[in-house]
Amino acid sequence: MSAPSSRPVPSWVKPVTDFAPLALFFLVFKLHGLLPATTALIAATLAALALNYVYTRKLALVPLATAVIVTVFGGLTLWLHDDAFIKMKPTIIYGLFAAVLAGGLALKKPLLAAVMGEALPLDEMGWRRLTVRFVAFFLAMAVANEIIRRLLTTEQWVLWKVPGSLIVTFLFMLMQTGLIRRHRLPEAGEDKKTAD
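Note that the working numbering has the sequence shown beginning at 19, numbered continuously upward.
Below, the structure written as structure tokens:
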């Protein structure tokens, strides 16, 4: 007897868990400043992680790692009243993602495929090339965050964080469509049509 299939995850869960914490951070920053916004970010990130778990019944590695880093660096910001910690958080996250993906490449384990494989069925070369691009992107974002947090004001850094870095990420993903199209595996229906 087969195990019962899990209930489908509503389509609104991913965008809410991905973007609501950042949107709340930006809104609270505009209304009350950085420390209350940091508190809101920690609470919203943990709530998003819990919401994701309620629907998927698993703790995905990327949201979990993000939640831990947000909580640690946000907590240090609140405890020490030093905004340097929350501003370093994106650098740490981008650097960590780049290191993990680069490690996967070195070990010939397509870690990006494990995260995005259901949405993007690519061949092995496609995953390798896309991973190299993601490593370069995350490193560039880490460097950009360090430059911006050191040279610009807190308000300018927040504008870089939300919406700046989101726009840059969207444009980066858009630039990958050619590679994805070239290396996308045909779906079962497409195979059948080709055979016919």
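Using N, Cα and C, we set each Cβ at its ideal position, and we do this for glycine too.
Tell me which residue opens and which closes the alpha helix (DSSP H) that D36 is part of. Taking the sequence shown and counting its residues from 1, the one referred to as residue 36 is at position 18. Run containing D36: 31-50, per the alpha helix (DSSP H) assignment.
Candidates L40, M143, L197: closest to A85 by CA position: Residue numbering aside, residue 85 sits at position 67 when the sequence shown is read from its first letter. Sorting L40, M143, L197 by C-alpha distance to the C-alpha of A85 places L40 at the top.
Looking only at DSSP bridge pairs, what is L140 linked to? Working through the sequence shown from its first residue, we reach residue 140 at position 122. Bridge partners of L140: R202.
Applying the criterion that 16 or more other CB atoms from any shown protein chain within 10 Å of the CB defines a buried residue, is V153 buried or exposed? On the sequence shown, position 135 is the one that residue 153 refers to. So V153 ends up on the buried side.
Taking Cβ to Cβ, would you say D101 is nearer than 7 Å to L52? Position 83 of the sequence shown holds residue 101. Position 34 of the sequence shown holds residue 52. Yes, the Cβ-Cβ distance between D101 and L52 is below 7 Å.
Segment contact, 8 Å Cβ cut-off, at least three pairs: the region 170-183 with the region 42-50: Using a C-beta cut-off of 8 Å, the region 170-183 makes contact with the region 42-50, since at least three inter-stretch Cβ pairs fall below that distance.
Run through DSSP, which three-state label would R75 get? What you label residue 75 is simply residue 57 of the sequence shown in a count that begins at 1. Coil at R75, not helix or strand.
Around the C-beta of L59, are 16 or more other C-beta atoms found within 10 angstroms, so that it is buried, or is it exposed? Against the sequence shown, residue 59 aligns to sequence position 41. The residue in question, L59, is buried, as its Cβ has 16 or more Cβ neighbours within 10 Å.
Under 7 Å between the Cβ atoms of L129 and L119? By one-based count along the sequence shown, residue 129 stands at place 111. By one-based count along the sequence shown, residue 119 stands at place 101. In contact: L129 and L119 (Cβ atoms closer than 7 Å).
Exposed or buried, which one is M193 when buried takes at least 16 other CB atoms within 10 Å? Numbered from its first residue, the sequence shown carries residue 193 at position 175. Exposed is the label assigned to M193, since fewer than 16 other Cβ atoms lie within 10 Å of its Cβ.
Candidates T149, H201, E164: closest to F190 by CA position: Start at 1 with the first residue of the sequence shown, and residue 190 comes out as number 172. The option with the nearest alpha carbon to F190 is T149.
Taking the straight line between their C-alpha atoms, what separation do you get for K107 and V161? Numbered from 1 along the sequence shown, position 89 holds the residue referred to as residue 107. Numbered from 1 along the sequence shown, position 143 holds the residue referred to as residue 161. Those two C-alpha atoms are separated by around 12 Å.
Proximal residues to L123 (C-beta, below 8 Å), its chain only, five neighbours per side dropped: As a first step, residue 123 must be located in the sequence shown, where it is residue number 105. Correct list, in chain order: R146, T149, V150, V153.
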